[in-house]
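These notes concern the structure reproduced below.
6 protein chains.
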Amino acid sequence: MPYVNIKVTGGNEAPTAGQKAALIKGVTELLSGVLGKNPATTVVVIDEVAQDNWGLGGMSVTEVRQRNRKA
Amino acid sequence: MPYVNIKVTGGNEAPTAGQKAALIKGVTELLSGVLGKNPATTVVVIDEVAQDNWGLGGMSVTEVRQRNRKA
Amino acid sequence: MPYVNIKVTGGNEAPTAGQKAALIKGVTELLSGVLGKNPATTVVVIDEVAQDNWGLGGMSVTEVRQRNRKA
Amino acid sequence: MPYVNIKVTGGNEAPTAGQKAALIKGVTELLSGVLGKNPATTVVVIDEVAQDNWGLGGMSVTEVRQRNRKA
Amino acid sequence: MPYVNIKVTGGNEAPTAGQKAALIKGVTELLSGVLGKNPATTVVVIDEVAQDNWGLGGMSVTEVRQRNRKA
Amino acid sequence: MPYVNIKVTGGNEAPTAGQKAALIKGVTELLSGVLGKNPATTVVVIDEVAQDNWGLGGMSVTEVRQRNRKA
């Protein structure tokens, strides 16, 4: 009966439909394998977050990526 | 002062504006009726999740719907 | 297949087991009634938040309640 | 290592890229200043919520804004 | 840079510290394997939810478990 | 009308009531200053997460802290 929310950056870093299916399958199997949870009622929600809307180290990912390209 | 988050599938299953208004009204009245919470400060946020991004039973809803159509 | 998260204040304002059951039943019926969602796969999670940990108007609820008692 | 999620209304009220950068910088500095948290591992996610999908006082923000314009 | 939140039932169904470590390791490896995400900045938060506070099928898990024992 | 959720580690790293009040005040002022949001309807929820339940770099914070002490 677990609920899993996965947040990753979107835009040009967005996962493909195949990668999202692999995340859903993988995390459902992980919860079944580690905790014996029933896959039939395991819910997974993936959020793709715009790079302007994700911050790390006090900067948006947009800015982090620009700095990395320059460096 | 409650906060409620409702996640449902979007795309061709997305709720209409009228249905979203009915959810907001209904859940606000429920919290007022059951717990006596003040509607004026009850916050509701509805997230519409793409069908590729929602997993149940280890599969995306996109795949669940395709299997149901075939069956 | 919806997922609902309800956050309310805890401590001396915490809902009873009966009130929590009424919230779960009520919101599941709301989603079934408004959107035709299947109750069997509707997940509800209630979080009880300590009054020091909930802020409104720039103050914790602990302080909001103290001011209301004095007023 | 903190995680912060900020939800605001989107559409014609959506924050600009500059405002989002200011929120990310400001909240990261707040957590560093108040709790001594390491900015390098402080994660911030901003969600812009459609005005039909945000409820306050039992109404969507769309409806709240319409009533305010009329009043 | 992903963020993962895993919610499971607590109380007598709560995961052990070892199981929680296995979930953290497993989901971090999944995101690295499927999406190439950097494990160093992958954040995982596990919430253990009281059985009275988790609803499925319109009932709390407390009631679901009682019915299953009787059946 | 914004909603902010702040997650930090708890246990022996838990913020004091005074620190939590400072976070609530600070983030509410940030949203008012940057976006002109009304403090009266700004909601803040702080979650204190057990160190076994928070993962970074594929390990729980409990293990991260033990390694740092040994190093």
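Residue numbers (the working numbering), protein chains in the order written: chain A, 64 to 134; chain B, 64 to 134; chain C, 64 to 134; chain D, 64 to 134; chain E, 64 to 134; chain F, 64 to 134.
For every residue, glycine included, the Cβ atom is placed at its ideal position computed from N, Cα and C.
Note that this is a predicted model, so its numbers are computed, not measured.
Residues of the same chain with a CB within less than 6 Å of the CB of D:T105, apart from the 5 flanking positions on each side, are P65, T91, L94 in chain order. Listed along chain D, the residues sitting closer than 8 Å to A:N116 by beta-carbon distance are K83, V108, I109, D110, E111.
Between F:T72 and F:Q114, the C-beta gap is smaller than 8 Å, which places the two residues in contact.
Assignment of D:K70 by DSSP, reduced to helix, strand and coil, places it in the strand class. When the beta-carbon positions are compared, E:V112 and F:W117 stay at least 8 Å from each other.
The residue among F:V124, F:N131, F:G89 with its C-alpha nearest the C-alpha of C:G120 is F:G89. Per DSSP, reduced to three states, the secondary structure at D:G118 is strand.
Cβ contact annotation for E:L86 (same chain, cutoff 8 Å, sequence separation greater than five): I69, P78, V107, I109, in chain order.
Cβ-Cβ distances below 8 Å link A:V127 to L119, G120 in the same chain, with the five nearest sequence neighbours on each side left out; the list follows chain order. Linking F:A134 to F:M122 through their CA atoms gives a straight-line distance of about 16 Å.
Between F:Q82 and D:V97, the CB-CB gap stays under 8 Å. If you draw a 10 Å sphere on the C-beta of E:A103, you find fewer than 16 other C-beta atoms in it, and that means exposed. Residue contact with chain E for A:K133: absent (no Cβ-Cβ distance below 8 Å to any residue of chain E).
Counting along the chain, C:E126 sits inside the alpha helix (DSSP H) bounded by residues 124-133.
Close partners of A:P102 in chain B (Cβ separation under 7 Å): G120, G121. If the five residues before and after D:T125 are omitted, its C-beta is found closer than 6 Å to the C-beta atoms of Q114, D115, all from its own chain and listed in chain order. In this structure, the CA atom of B:N75 is about 44 Å from the CA atom of C:N75.
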